[in-house]
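In our numbering, the protein residues as written are 512 to 849.
Here the structure is laid out as structure tokens; the discussion comes afterwards.
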């Protein structure tokens with residue numbers, strides 16, 4: 512498994528620039544243009560920005576440009592009623608940021624994979640950490656950051672952030688008898704108890720929590736939490752849980768056969784128990800995996816029939832329209848009318 516430790520894209524809410532992303536999933540960003548404005552703008556607050564769309568999906572964002580933000584602000588867009596964040600725990604973040612002067616999309620993660628951080632000021636950055644501290648998992652928040660010498664921003668930034676859960680989330684499923692027992696700690700970390708019987712000769716797949724997210728397709732790359740335990744002595748072979756540990760990205764095209772096959776057709780948000788015989792694992796012992804499927808890396812499928820990643824469309828429309836125009840422009844960013 513490949514660890515992808517997140518590094519905050521913000522420094523005082525400053526985004527790392529990712530303009531020019533070739534594939535972007537269903538971004539419908541309507542940036543309303545405000546031309547020929549006269550007089551001094553007293554400054555825009557959260558009420559000047561409309562954000563719509565479901566959690567975990569690229570939002571529709573509408574605001575007048577240029578957007579004059581005088582003071583930084585944070586507001587809750589979607590209250591997901593999720594778990595509060597705990598210092599040091601992993602946190603997954605999807606975000607999209609806009610240049611407030613032009614409406615250009617300057618970066619986003621929705622069309623790739625959520626970024627992985629520890630919930631600490633050092634990992635997230637002081638400002639983002641302070642803002643996200645007031646939220647929990649499944650929340651969507653809006654950040655407005657002014658262009659100031661202190662922030663180093665050449666223009667105001669408009670940032671929408673989804674705080675995704677870093678553990679399985681769904682409907683509990685009662686496992687079949689005779690399988691290894693799994694007990695979850697308060698933070699979601701599993702403890703596996705191996706039964707006294709011999710290991711099964713074939714791979715066993717058991718859903719423990721059924722998520723409602725996207726289905727896992729052949730060859731995709733996933734973001735996962737996992738624990739692997741040896742059947743022979745119950746010792747932990749590997750885990751992403753524990754102090755200083757973070758979720759990892761798992762490429763099913765290169766994973767051991769028992770994982771690649773056992774996770775196929777499962778859904779994001781699920782927790783899956785896999786009993787993998789030696790010939791489908793490392794060849795030395797039967798391994799027991801408990802895998803939390805947190806996200807699918809967009810565009811990573813190798814199956815030619817897998818669902819494609821739609822192309823981004825960023826359009827300019829006059830307020831109060833909240834969606835894109837009927838005929839999106841070919842320009843991937845909105846610019847003010849002359």
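Ideal Cβ positions, reconstructed from N, Cα and C, are used throughout, including at glycine.
| Query | Result |
| --- | --- |
| Within 10 angstroms of the Cβ of residue 791, are there 16 or more other Cβ atoms? Answer buried if so, exposed if not. | buried |
| Which residues mark the beginning and the end of the beta strand (DSSP E) in which residue 586 is found? | 584-589 |
| By DSSP, does residue 643 sit in helix, in strand, or in coil? | helix |
| In the DSSP output, what is residue 669 paired with across the bridge? | 609 and 655 |
| What are the boundary residues of the beta strand (DSSP E) that includes residue 749? | 747-750 |
| Around the Cβ of residue 582, are there at least 16 other Cβ atoms within 10 angstroms (buried) or fewer (exposed)? | exposed |
| Please classify residue 784 as buried or exposed, where buried requires at least 16 neighbouring CB atoms within 10 angstroms. | buried |
| With distances taken from CA atoms, which of 782, 668, 563 and 622 is nearest residue 719? | 782 |
| Would the beta-carbon of residue 803 fall within 8 Å of that of residue 679? | yes |
| Pick out the complete beta strand (DSSP E) segments inside the stretch 768-814, 3 residues or longer, and give them in chain order. | 782-787 and 798-807 |
| Between which residues of its own chain and residue 778 is the CB-CB distance below 6 Å, once the five residues before and five after are set aside? | 722, 724 and 726 |
| Considering only residues of the same chain and omitting the five flanking positions on each side of residue 748, which have a CB-CB separation below 7 Å? | 739, 740, 741 and 798 |
| By DSSP's criteria, residue 598 is part of a beta bridge. Which residues make up the other side? | In DSSP, residue 598 forms no bridge with anything. |
| Would you mind sorting residue 573 into buried or exposed? The rule is 16 or more other CB atoms within 10 Å of its CB. | buried |
| If I measure Cβ to Cβ from residue 686 and keep anything under 6 Å in the same chain, skipping five residues before and after, which residues do I get? | 717 |
| Count the other CB atoms within 10 Å of the CB of residue 751; is the residue buried (16 or more) or exposed (fewer)? | buried |
| Is residue 558 helix, strand or coil by DSSP? | helix |
| At the level of alpha carbons, what is the spacing between residue 596 and residue 690? | 32 Å |
| So the candidates are 601, 636 and 611; which of them puts its Cα closest to the Cα of residue 648? | 601 |
| On the three-state DSSP scale, how would you describe residue 758? | coil |
| Would residue 807 pass as a contact of residue 733 if the rule is Cβ separation under 8 Å? | yes |
| Would you give the residue range spanned by the beta strand (DSSP E) that residue 701 belongs to? | 701-704 |
| For the candidate residues 793, 634 and 693, whose alpha-carbon lies nearest to that of residue 684? | 693 |
| Out of 598, 744 and 637, which one is the CA nearest neighbour of residue 755? | 598 |
| Taking the C-alpha atoms as reference points, what is the distance between residue 714 and residue 772? | 9 Å |
| Of all the options 643, 639, 728 and 707, which has the alpha carbon lying nearest to the alpha carbon of residue 810? | 728 |
| Which partner residues does residue 680 have in the DSSP bridge list? | Answer is none; residue 680 lacks a bridge partner. |
| Figure out for me which residue from 563, 611 and 564 has the closest Cα to the Cα of residue 554. | 611 |
| With contact counted as at least three CB pairs below 8 Å, one residue from each stretch, are the stretch 565-580 and the stretch 611-620 in contact? | yes |
| Determine the direct distance from the alpha carbon of residue 762 to that of residue 672, and round the result to whole angstroms. | 25 Å |
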